[in-house]
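Note that numbering that gives the first Met the number 0 gives residue 198 to position 199 of the sequence shown, counting from 1, and the numbers run on in steps of one.
C-beta: ideal position from N, C-alpha, C; glycine also.
Note that this is a predicted model, so its numbers are computed, not measured.
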Amino acid sequence: MELTKRPRRLRRSEAVRSLVRETHLRVDDLICPLFVTEGEKTRAPIDDMPGQYRFSVDELVDECRELWDLGIPAINLFGYSTEKDDQATQSYDPQGLIQRAIRSLKAAVPELCVQTDVALDPYTHHGHDGLVVDGEVVNDETIEVLCKMALSHAEAGVDWVAPSDMMDGRVGGIRRALDAAGYKNVGILAYSAKYASCFYGPFRDALQSAPKKGDKKTYQMDPANGREALVEIALDIEEGADVVMVKPALAYLDVIAAARQAFDVPIAAYNVSGEYGMIVAAVERGWVQREQAVMEVLTGIKRAGADMILTYFAKEVAGYLRG
Ligand code: PBG
């Protein structure tokens, strides 16, 4: 055949393929989500997330030293709270679990970028991300609590707070609260386009935070909507978000790509617990090879346009990248 173009020429050897490779997953792209629990010397396995643990603060510090030594620049903390109430008071206790975890981490691994989830669901009986009044998740009252929570994390030394609640106006509220208290250098990683997804199931097992009644569809986004994600992201940028996030990642790669086109701020994607579970389960059945599956999925998320990825695979990927 006479062909002037033969794209296969650029695939003939690994050397050639490496020259033309467009996307590189790097250890610097990774943020490791971690669960924290009370107690000491505890690494409690999470049933629905094989290979993931709830760490007591001392163990968390050891784990984070290891992650830092592997080159992982950031972690994102979630608290496993057993003291729940209707006002989520534990969420902003200066001596609370997350606040103590932040202090210990900043003392032990000061350069690691410590990020914290800001939402009420692990701290409320009902499991919603906001306060519930007469069966409704109320917006403005919730923001007051979120601001207290973010401030308590800032006082403990957090680098970035990550509001994941999807209330309207919370990024602006938190930014103003932080600035007024002098925490101008604390960053905001906003869960801007967070969908009402079934893929958070294992995470809710990890924190025992599933909503007791109803679902999260009045605040998290409808999986059918793409343009609305751009509206949400634009608002969060206006309100002062430093980084915006799309979550989950895999069923929303088009949203990541559209956001990449539309905005110049850094974009994060969350490869969530159910996405982790799908690979872990398929590997267990012998249907896919683990390293290849993990690398392909995370490279795909980067190719779509994410600058950074929250993933439970962070530690093992750091290992793969070292070779
Ligand atoms: C809570 C929160 C959730 C996740 C991150 N923050 C769960 C939810 O919204 O119900 C999910 C993370 C994952 O599934 O890995 N605000």
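Any heavy atom of the ligand PBG within a distance shorter than 8 angstroms of the CB on residue i?
{"i": "R53", "result": "no"}
{"i": "K301", "result": "no"}
{"i": "R203", "result": "yes"}
{"i": "G78", "result": "no"}
{"i": "A118", "result": "yes"}
{"i": "P49", "result": "no"}
{"i": "Q219", "result": "yes"}
{"i": "S163", "result": "yes"}
{"i": "F312", "result": "no"}
{"i": "V271", "result": "yes"}
{"i": "S151", "result": "no"}
{"i": "D167", "result": "no"}
{"i": "F34", "result": "no"}
{"i": "S12", "result": "no"}
{"i": "Y199", "result": "yes"}
{"i": "P222", "result": "no"}
{"i": "Y251", "result": "no"}
{"i": "K216", "result": "no"}
{"i": "Y346", "result": "The question about residue 346 has no answer here: the residues shown for the chain are numbered 0 through 322."}
{"i": "Y275", "result": "yes"}
Can you tell me whether residue i is buried or exposed? The criterion is at least 16 other CB atoms within 10 Å of its CB, across all chains shown.
{"i": "T3", "result": "exposed"}
{"i": "R11", "result": "exposed"}
{"i": "D61", "result": "exposed"}
{"i": "H124", "result": "exposed"}
{"i": "K83", "result": "buried"}
{"i": "T217", "result": "exposed"}
{"i": "S17", "result": "exposed"}
{"i": "P32", "result": "buried"}
Return the Cβ separation of residue i and residue j in integer angstroms, given the expectation that the two are a contact with Cβ distance under 8 angstroms.
{"i": "D204", "j": "I45", "result": "7 angstroms"}
{"i": "A303", "j": "L229", "result": "Contact doesn't hold; Cβ gap of about 15 angstroms is too wide."}
{"i": "Y194", "j": "P121", "result": "The pair is not a contact, with the Cβ atoms about 20 angstroms apart (cut-off 8 angstroms)."}
{"i": "V117", "j": "F198", "result": "The Cβ separation is near 21 angstroms, so there is no contact."}
{"i": "G126", "j": "S208", "result": "5 angstroms"}
{"i": "F34", "j": "L206", "result": "7 angstroms"}
{"i": "I142", "j": "S191", "result": "Incorrect: roughly 16 angstroms between the Cβ atoms, too far for contact."}
{"i": "I300", "j": "I255", "result": "7 angstroms"}
With DSSP as the reference, identify every bridge partner of residue i, one or two as the case may be.
{"i": "L188", "result": "V242"}
{"i": "T115", "result": "L76 and V160"}
{"i": "V132", "result": "E135"}
{"i": "V279", "result": "For V279, which the question treats as bridged, DSSP gives no partner whatsoever."}
{"i": "P32", "result": "N75"}
{"i": "I236", "result": "None; I236 has no bridge partner."}
{"i": "N270", "result": "T310"}
{"i": "T123", "result": "D84"}
{"i": "K193", "result": "K246"}
Inset, instruction - Give, in chain order, every unbroken run of the alpha helix (DSSP H) that is at least 4 residues long and sits entirely within the region 43-96. - result: 56-68
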